[in-house]
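Protein chains in written order, with the numbering used here: chain A, 1 to 361; chain B, 362 to 722.
There are 2 protein chains.
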Amino acid sequence: MQEGSRGKTAKSATAAGTRKPIPETARGSRGPSIADVAQAAGVSAQTVSRVSNGLTNVEESTRNRVLNAMKELGYRPNRAARALKSGRFKSIGVIMFTLSSFGNMRTLDAIATAASQAGYSVTLIPVHGPTTGTVSGAYNRLREQDVDGVVIIFEAHMLDRADIALPDDLPAVVIDSNAGYGYPMVDTDQAEGARLATEHLLHLGHAQVWHIGGPPSSFSATHRAESWKQTLEEAGIEAPPVCHGDWSTESGYRIGLEIGRNPAMTAIFAANDQMALGAVRALHELGRSIPDDVSIVGFDDLEESTSFWPPLTTIHQDFHTVGRLSIENLLQQMAGQSPGSGVTTVPTRLVVRKSTAAPAR
Amino acid sequence: MQEGSRGKTAKSATAAGTRKPIPETARGSRGPSIADVAQAAGVSAQTVSRVSNGLTNVEESTRNRVLNAMKELGYRPNRAARALKSGRFKSIGVIMFTLSSFGNMRTLDAIATAASQAGYSVTLIPVHGPTTGTVSGAYNRLREQDVDGVVIIFEAHMLDRADIALPDDLPAVVIDSNAGYGYPMVDTDQAEGARLATEHLLHLGHAQVWHIGGPPSSFSATHRAESWKQTLEEAGIEAPPVCHGDWSTESGYRIGLEIGRNPAMTAIFAANDQMALGAVRALHELGRSIPDDVSIVGFDDLEESTSFWPPLTTIHQDFHTVGRLSIENLLQQMAGQSPGSGVTTVPTRLVVRKSTAAPAR
DNA sequence: TCTCGCTATGTTTACGCAAACATTCTTGAA
DNA sequence: TTCAAGAATGTTTGCGTAAACATAGCGAGA
Numbered sequence: 001m002q003e004g005s006r007g008k009t010a011k012s013a014t015a016a017g018t019r020k021p022i023p024e025t026a027r028g029s030r031g032p033s034i035a036d037v038a039q040a041a042g043v044s045a046q047t048v049s050r051v052s053n054g055l056t057n058v059e060e061s062t063r064n065r066v067l068n069a070m071k072e073l074g075y076r077p078n079r080a081a082r083a084l085k086s087g088r089f090k091s092i093g094v095i096m097f098t099l100s101s102f103g104n105m106r107t108l109d110a111i112a113t114a115a116s117q118a119g120y121s122v123t124l125i126p127v128h129g130p131t132t133g134t135v136s137g138a139y140n141r142l143r144e145q146d147v148d149g150v151v152i153i154f155e156a157h158m159l160d161r162a163d164i165a166l167p168d169d170l171p172a173v174v175i176d177s178n179a180g181y182g183y184p185m186v187d188t189d190q191a192e193g194a195r196l197a198t199e200h201l202l203h204l205g206h207a208q209v210w211h212i213g214g215p216p217s218s219f220s221a222t223h224r225a226e227s228w229k230q231t232l233e234e235a236g237i238e239a240p241p242v243c244h245g246d247w248s249t250e251s252g253y254r255i256g257l258e259i260g261r262n263p264a265m266t267a268i269f270a271a272n273d274q275m276a277l278g279a280v281r282a283l284h285e286l287g288r289s290i291p292d293d294v295s296i297v298g299f300d301d302l303e304e305s306t307s308f309w310p311p312l313t314t315i316h317q318d319f320h321t322v323g324r325l326s327i328e329n330l331l332q333q334m335a336g337q338s339p340g341s342g343v344t345t346v347p348t349r350l351v352v353r354k355s356t357a358a359p360a361r
Numbered sequence: 362m363q364e365g366s367r368g369k370t371a372k373s374a375t376a377a378g379t380r381k382p383i384p385e386t387a388r389g390s391r392g393p394s395i396a397d398v399a400q401a402a403g404v405s406a407q408t409v410s411r412v413s414n415g416l417t418n419v420e421e422s423t424r425n426r427v428l429n430a431m432k433e434l435g436y437r438p439n440r441a442a443r444a445l446k447s448g449r450f451k452s453i454g455v456i457m458f459t460l461s462s463f464g465n466m467r468t469l470d471a472i473a474t475a476a477s478q479a480g481y482s483v484t485l486i487p488v489h490g491p492t493t494g495t496v497s498g499a500y501n502r503l504r505e506q507d508v509d510g511v512v513i514i515f516e517a518h519m520l521d522r523a524d525i526a527l528p529d530d531l532p533a534v535v536i537d538s539n540a541g542y543g544y545p546m547v548d549t550d551q552a553e554g555a556r557l558a559t560e561h562l563l564h565l566g567h568a569q570v571w572h573i574g575g576p577p578s579s580f581s582a583t584h585r586a587e588s589w590k591q592t593l594e595e596a597g598i599e600a601p602p603v604c605h606g607d608w609s610t611e612s613g614y615r616i617g618l619e620i621g622r623n624p625a626m627t628a629i630f631a632a633n634d635q636m637a638l639g640a641v642r643a644l645h646e647l648g649r650s651i652p653d654d655v656s657i658v659g660f661d662d663l664e665e666s667t668s669f670w671p672p673l674t675t676i677h678q679d680f681h682t683v684g685r686l687s688i689e690n691l692l693q694q695m696a697g698q699s700p701g702s703g704v705t706t707v708p709t710r711l712v713v714r715k716s717t718a719a720p721a722r
């Protein structure tokens with residue numbers, strides 16, 4: 001024993017000779033533990049734990065001694081140990097889809113911020129493609145990743161309710177406007193936005209408003225289209241057929257070329273700014289001036305929309321609030337408060353810029 | 362002591378005697394543990410662990426028995442326990458800044474994908490504002506969050522080297538082109554991109570190329586501007602002063618109005634597509650046609666750039682590769698392979714569309 | 001035949017923390 | 001004076017896992 005031990009010591013010494021003295025690395029690269037702090041402060045580990053967790057039954061002087069020791073040693077509680085002991089991970093998973101849009105980015109940012117403020121970290125789960133398999137795969141990964149709750153951000157309605165068989169004990173919030181998954185929803189008020197856009201064009205005096213819609217698989221697209229149609233009908237106007245794009249500028253361009261050839265067409269409501277941009281390009285190419293010949297309203301209010309040519313009148317979405325409210329809801333669920341259901345809608349705002357005007361007489 | 366021990370034994374016996382019928386919910390809402398699987402398969406916990414970790418020294422029949430038990434019980438390894446035991450968390454932290462750009466989004470997506478494929482989860486750490494305090498705050502939070510490595514995505518050079526005092530034992534990669542933090546860098550080849558853009562305009566026959574630059578605080582902006590200047594000088598042209606924008610379309614618009622008034626100005630290289638877009642709008646307003654009167658090249662290749670009016674010639678950045686390579690580098694560091702330093706550059710590509718042409722004679 | 005050395009498997013232990021329980025000390029009322 | 005009640009603090013234990021160590025079984029070479 002002694003010999004073996006000595007041999008090893010000699011070896012280490014040799015190795016250490018060429019390196020640093022390595023004072024604290026002795027315990028691997030791990031930081032100081034609660035026990036180290038306890039020893040430094042001359043108290044028991046439990047007392048350190050109490051201070052660490054802000055319990056009140058610790059004498060002021062003791063608490064200060066412990067806090068000093070913590071600071072001196074650079075102590076940080078080990079979340080893994082905490083999680084193992086408590087079964088809670090202080091972490092929120094976010095499932096979102098690969099080709100994430102501008103809006104999702106903003107939403108994600110708001111989610112991360114709100115979660116962080118509540119003391120939760122955010123774990124990102126990328127999903128590629130809208131197939132069911134990958135989604136449940138993401139869910140499995142989530143399970144392994146020990147999160148206390150999940151936010152699911154849908155681009156489109158890619159899931160049946162059965163496909164997202166989240167366990168009952170895992171709180172979830174879906175950012176989408178299709179109530180029916182059985183989870184709480186948070187989303188922009190799509191219907192209100194579409195109505196604002198359509199009414200704006202009608203109030204300007206346009207006799208008809210065409211719609212460049214998103215893909216039929218998207219619930220937000222569907223909602224926008226439905227609300228557009230209903231607004232027209234309430235005004236006693238029969239809605240023209242919806243032209244479905246796929247959110248891309250390219251599809252907006254294609255549809256713009258199509259409907260732009262109709263000289264009677266003087267007003268367009270596009271389901272997002274990108275398709276509006278594509279349509280603008282198409283109209284330019286067709287020699288139709290905006291807003292003199294055709295008015296167009298988008299949806300989203302991208303930062304760039306200000307600088308489109310002409311600056312785009314559009315519906316502003318408050319992604320930040322969507323993200324914040326979803327986390328608030330999730331936190332409530334995790335606190336066992338809400339039953340976990342219902343839809344929260346976030347209002348929109350019409351931003352009038354230069355792409356809309358009264359129709360030429 | 363003996364007595365105490367005996368008392369306890371008696372107690373345990375009693376507890377065991379009244380063993381609850383509650384089969385699985387007994388242990389709280391926690392899933393089955395390795396011990397449950399072991400019992401079900403009739404082996405020791407260690408053998409289950411071996412199967413779980415794919416070690417080879419387990420007999421085929423035993424392995425199958427364990428795998429079946431796992432499947433039946435829906436066993437999932439507990440990451441917290443694993444992390445506690447091993448000191449590794451299989452998690453990568455990403456520090457990024459609030460006003461995240463399109464490019465960062467794509468990069469983040471690539472990071473999440475690559476990390477996920479390597480069995481790592483991604484923890485997001487939002488940082489608000491470029492002040493030093495918040496950054497080190499983010500770092501502190503990261504520390505608490507138990508990550509094995511960090512990717513830092515810089516928008517601008519917001520940090521001095523001293524400010525990001527990451528500990529020596531925490532592998533890190535910075536996505537930025539300023540070598541000098543002491544960490545490995547991955548970034549788009551800014552210089553190459555700027556050169557491609559400038560040369561393209563020169564080859565078209567323009568006698569001079571103006572530059573709408575990003576903010577001086579940004580290293581990528583600085584690199585693009587330097588490379589632009591150098592390319593001009595190599596062609597024997599004295600570079601005009603750089604006009605600094607702040608990446609926004611608005612600033613591009615402002616600068617566009619300024620330099621657009623100069624009738625000798627026939628070519629612009631903008632440091633990003635958004636500023637290019639703003640400049641395009643300004644030129645439109647000034648009555649200067651693109652590309653007939655003025656040619657303009659952007660940088661980034663946003664999806665929308667195809668549909669600008671006219672479609673924008675620009676420099677394509679491969680954000681996906683940037684993200685992937687940064688994770689590869691990080692994984693290598695975590696495997697103890699690379700010393701952790703050096704710059705990896707990702708090539709760019711000139712995409713010629715309709716916003717550039719030979720100057721009018 | 002007997003040991004050496006290998007493989008398959010079991011047992012013990014510690015990771016860091018905090019709940020549960022135990023102990024000491026203080027204070028004030030009987 | 002005595003002790004009940006409570007506050008401050010200490011001790012034990014176990015969360016789920018995997019490394020380290022221990023044991024059993026078995027074939028090969030001496």
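Where a beta carbon is used, it is the ideal one built from N, C-alpha and C, also for glycine.
Does any residue of chain B bring its CB to less than 8 Å from the CB of residue i?
i        : result
A/ASP109 : yes
A/GLN429 : The structure shown does not extend to residue 429 of chain A, since chain A is modelled only from 1 through 361, so no value can be given for it.
A/TYR75  : no
A/THR345 : no
List the residues of chain B whose Cβ lies closer than 7 Å to the Cβ of residue i, in chain order.
i        : result
A/VAL122 : THR484, LEU485
Quick one: measure Cβ to Cβ for residue i and residue j, integer angstroms, because I've assumed they're closer than 8 Å.
i        : j        : result
B/SER656 : B/THR717 : 4 Å
A/ASP148 : A/ILE111 : Incorrect: roughly 14 Å between the Cβ atoms, too far for contact.
A/THR313 : A/GLY278 : A/THR313 to A/GLY278, Cβ: 16 Å. No contact.
A/GLY323 : A/LEU108 : 7 Å
B/THR627 : B/PRO720 : 5 Å
Using a C-beta cutoff of 8 Å, does residue i count as contacting chain A?
i        : result
B/GLY639 : yes
B/ILE383 : In this predicted model, B/ILE383 has a pLDDT of only 31, less than 50, meaning its place in the structure is not dependable enough to derive any value.
B/GLU560 : no
B/SER410 : no
B/THR474 : yes
B/SER650 : no
B/LEU686 : no
Output, in chain order, the set of chain B residues within a Cβ distance shorter than 8 Å of residue i.
i        : result
A/ASP146 : ASN439, ARG440, ALA441
Name, in chain order, the residues that DSSP records as bridge partners for residue i.
i        : result
B/PHE798 : There is simply no residue 798 of chain B to check, as chain B begins at 362 and stops at 722 in what is shown.
B/ILE536 : B/ILE514, B/VAL547
A/MET96  : A/PRO126
A/VAL343 : A/MET185
A/ARG349 : A/HIS316
A/SER121 : A/SER91
A/HIS206 : Paired residue(s): none; A/HIS206 is not in a bridge.
A/HIS244 : A/GLY213
Mind pulling the chain B residues with CB within less than 9 Å of residue i?
i        : result
A/TYR183 : The contacting residues do not exist; A/TYR183 stays about 18 Å from chain B at best.
A/TRP309 : LEU638, VAL641, ARG642, HIS645, GLU646, PHE669, TRP670
Residues of chain A with CB closer than 8 Å to the CB of residue i, please, in chain order.
i        : result
B/THR610 : GLU303, GLU304, THR306, SER307
B/SER413 : Correct list: empty, because the minimum Cβ distance to chain A is about 12 Å.
query: Can you list, in chain order, the residues of the segment 441-457 of chain B whose Cβ is nearer than 7 Å to any Cβ on chain A?
result: Hits within the stretch, in order: ALA441, ALA442, ALA444, LEU445, GLY448, PHE450.
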